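Read the structure below first, then the notes.
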Amino acid sequence: MVDIWEGLSAAFWLIVQFDTELWEISLRSLRVTLTALVIASVIAIPLGTYLAVQRFRYRRFTISLINALMGLPPVVVGLVVYILLSRSGPFGVLNLLFTPTAMIIAQVIIITPVIASIAHQSMRELWAEYHDLLISLNTSKWQRITTLVRDGRRNLLTAALAGFGRAIGEVGAIMIVGGNIDHVTRVLTTAIALETGKGDFALALGLGFVLIGLAIVVNLAIHTLSRTEREGQW
Amino acid sequence: MVSRLFPLTLQDVAVRRQGKRIIGPIDMVLDPSGPTMVIGPNGSGKTTLLRVMHGIERISAGSATWAAPDSSKHAFVFQSPIVMRRSVVENLAYPLRLVKTPAAQIKETVDYWLDRIGLTPVQNSPATRLSGGERQKLAIARALVRKPDVLFLDEPCANLDGRATHEIETLLQEIAEAGTHLVMATHDMGQARRLAHDLVFMLDGKIHETGPAATKFSTPETQALAAFLRGDIVT
Ligand SMILES: Nc1ncnc2c1ncn2[C@@H]1O[C@H](COP(=O)(O)OP(=O)(O)O)[C@@H](O)[C@H]1O
Ligand SMILES: [Mg+2]
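Below you can see the structure in the form of structure tokens.
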């Protein structure tokens, strides 16, 4: 049984030795996840807000659908993206399978419903608070959405961070569509899976600690950035 | 000065929700020459009547017609002030930004109102940190930055102490004298006496009695209004 300490010390040495391979896969993890996060947020935040302010026929259905999609098994997402991108699939000509782009696509599909759902929840609360005022001021639909996004930005950030957490730790889908190719699509989570499979538990655990550290650093960085804007509670 | 928007004609107006009649039928012509106070017990329909007049409540029957329909000339102050999650300054600037007011003009207007309601020192603080009285003053000032002709107020002093109430009454009196028409719901009879030019007494979703405040306070026609003014429980 491998000792946790061995893992911690493996992580420590990997970091202090400035291990180039570790840096490479960590940066790739970050790049893939942050790109997916930006794309997913651009889709999910306006969508969640729109669903909060606009009544339409299939609104309840759409919200339920998004909530259900939150529970999509990543492996299945990976499989479907794989089939779509594989040579014989409809998007085969794009040659995207086993590239970071394929991993980004899979992650966008996985986290968009997560961000949209959490964003919708908090936007709905803010809309209940602002409803009368915004109606009274004769705001356009677009003004309502931009007002809610602006004033609810802290909650939206939380939604985005939930998406980030989900994406950075995801392994099933990106393993399938990325293929865990050394120097091309290997990221922290797939490397951990590989090292575990090879039986190098210390290294796997070390990478795991690096992954956790990375997630914490990104969370703190984003929170600090949003707070420097002005301290206060709104 | 009477606003050119008036008269407002309510014809057979009713509001029903979930099969229940909330107000109506209401027939009235509002063509006031001073502040109108809407009084009546809780649940009598004051809030709903004000919202119908402002055009933000869907009516189930009848019609509400302004002589010159221009909703940009109305503003509404809600019973519990809606404070936006922004700084005090940005709360005041918000209605002006919506209509693409030039920055210099926004600054001038906002500075004027900050000074007028005494919030200049806290202008950059989050408005959500203000006290109840300050929030209500902010909500009133925010309703006034676009210079409305009519200001609806729904029990603006309901949750405030005496000092805050006095400050707000003074502000409202000044605004009324400057030509903004006030239509205000209140359950504070003292306040109604101090501010009212016209009185609307609501009971059970209907206008029970209405007329000039000067005569209605001294010689109410109906027993219900007489009892309400005495402070008796009226249902
Ligand atoms: N949307 C609604 N659905 C159901 N009942 C409502 C609704 N709005 C108001 N009511 C009810 O209608 C009555 C009148 O309400 P309101 O206009 O708020 O009276 P007031 O302001 O005089 O207290 C109250 O009994 C209230 O509970
Ligand atoms: Mg009320």
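Protein chains in written order, with this note's numbering: chain G, 1 to 234; chain C, 1001 to 1235. Just so you know, even glycine gets a beta-carbon here, dropped at the ideal spot from N, CA and C. In this text, all values refer to a predicted model and were calculated from it rather than measured experimentally.
Residue i and residue j closer than 8 Å at C-beta
i	j	result
V1077(C)	L1153(C)	yes
M1184(C)	L1195(C)	yes
I1207(C)	M1037(C)	no
T33(G)	A160(G)	no
L1092(C)	W1113(C)	yes
H120(G)	G197(G)	no
T147(G)	A44(G)	no
I1059(C)	A1014(C)	yes
M1202(C)	K1046(C)	yes
I1117(C)	L1151(C)	no
A1064(C)	L1130(C)	no
L79(G)	I176(G)	yes
V1089(C)	N1124(C)	yes
P74(G)	E170(G)	yes
H1187(C)	E1155(C)	yes
I145(G)	A40(G)	no
M103(G)	I174(G)	yes
D970(C)	T1180(C)	Nothing about residue 970(C) can be reported from this structure: the residues present for chain C run from 1001 to 1235 only.
I109(G)	V77(G)	yes
G1024(C)	A1068(C)	no
P1126(C)	L137(G)	no
A202(G)	E24(G)	no
V117(G)	N67(G)	For the sequence presented, residue 117(G) should be read as Ser rather than Val. Yes, the pair counts as a contact, with Cβ atoms nearer than the cut-off.
Beta carbon proximity, residue i to chain G, threshold 8 Å
i	result
V1002(C)	Low confidence applies to V1002(C): its pLDDT is 49, below 50, so where it sits in the model is not reliable enough to give any reading.
S1131(C)	no
P1148(C)	no
L1098(C)	yes
M1084(C)	yes
S1218(C)	no
S1033(C)	no
P1095(C)	yes
F1201(C)	no
F1076(C)	yes
Span separating the alpha-carbon of residue i from that of residue j
i	j	result
M1001(C)	T1215(C)	Low per-residue confidence applies at M1001(C): pLDDT is 47, beneath 50, and the placement is therefore not dependable, though the value from the model is reported in the following sentence. Taking the straight line from one Cα to the other gives about 21 Å.
L94(G)	S29(G)	23 Å
F1006(C)	G1133(C)	31 Å
Q233(G)	R227(G)	Residue confidence is low: Q233(G) scores 45 on pLDDT, short of 50, so the model does not pin down where it sits. Its coordinate-derived value is still stated next. For Q233(G) and R227(G), the distance between alpha carbons rounds to 10 Å.
V1083(C)	R1135(C)	7 Å
E21(G)	A204(G)	14 Å
R1193(C)	T1165(C)	14 Å
A1178(C)	I63(G)	49 Å
K1147(C)	R1163(C)	26 Å
D1039(C)	L1030(C)	The amino acid at residue 1039(C) is misidentified as Asp; the sequence shows Ile. Cα-Cα distance, rounded: 15 Å.
T1109(C)	V1145(C)	7 Å
K141(G)	F18(G)	51 Å
A128(G)	S1080(C)	13 Å
V184(G)	L8(G)	27 Å
D1012(C)	L1182(C)	23 Å
V1234(C)	R59(G)	44 Å
Q1173(C)	A1213(C)	16 Å
E231(G)	G213(G)	For E231(G), the pLDDT reaches just 48, beneath the cut-off of 50, and the residue's location in the model is therefore unreliable, leaving the point undetermined.
L134(G)	M1189(C)	31 Å
T35(G)	L65(G)	24 Å
Chain C contact for residue i (CB, 8 Å cutoff)
i	result
G232(G)	Because G232(G) carries a pLDDT of 48, less than 50, the predicted location of this residue cannot be relied on, and the following value inherits that uncertainty. Cβ-Cβ to chain C under 8 Å: yes for G232(G).
L137(G)	yes
D132(G)	yes
Q121(G)	no
E125(G)	no
E21(G)	no
E195(G)	no
E6(G)	no
Q107(G)	no
E24(G)	no
First through last residue of the beta strand (DSSP E) which encompasses residue i
i	result
Q107(G)	From DSSP, Q107(G) is part of no beta strand (DSSP E) but of the alpha helix (DSSP H) over P100 to S136.
D1012(C)	L1008 to R1017
K1020(C)	K1020 to L1030
E170(G)	From DSSP, E170(G) is part of no beta strand (DSSP E); its letter is neither H nor E.
S1063(C)	A1061 to W1066
Span of the alpha helix (DSSP H) around residue i
i	result
F61(G)	R59 to M70
P1095(C)	V1088 to L1098
M1053(C)	K1046 to H1054
V81(G)	P74 to L85
G1162(C)	G1162 to E1177
Residue i Cβ short of 7 Å to ligand 3 heavy atom set
i	result
K1046(C)	Ligand 3 is not part of the structure shown, which contains ligand 1 and ligand 2 as its ligands.
Check: Name the residues in the stretch 1040-1070 of chain C whose C-beta lies less than 7 Å from a C-beta of chain G; which are they?
Finding: Going along the stretch 1040-1070 of chain C in chain order, one finds H1054 and I1056 with a Cβ nearer than 7 Å to chain G.
Note down, in chain order, all residues in the stretch 153-184 of chain G with a beta-carbon under 7 Å from any beta-carbon belonging to chain C.
-> Listed by position, the residues of the stretch 153-184 of chain G near chain C (Cβ gap below 7 Å) amount to none.
Check your understanding: What are the residues of the stretch 37-62 of chain G that lie near chain C, defined by any Cβ-Cβ distance shorter than 8 Å?
Key -> Listed by position along the chain: nothing, the set is empty.
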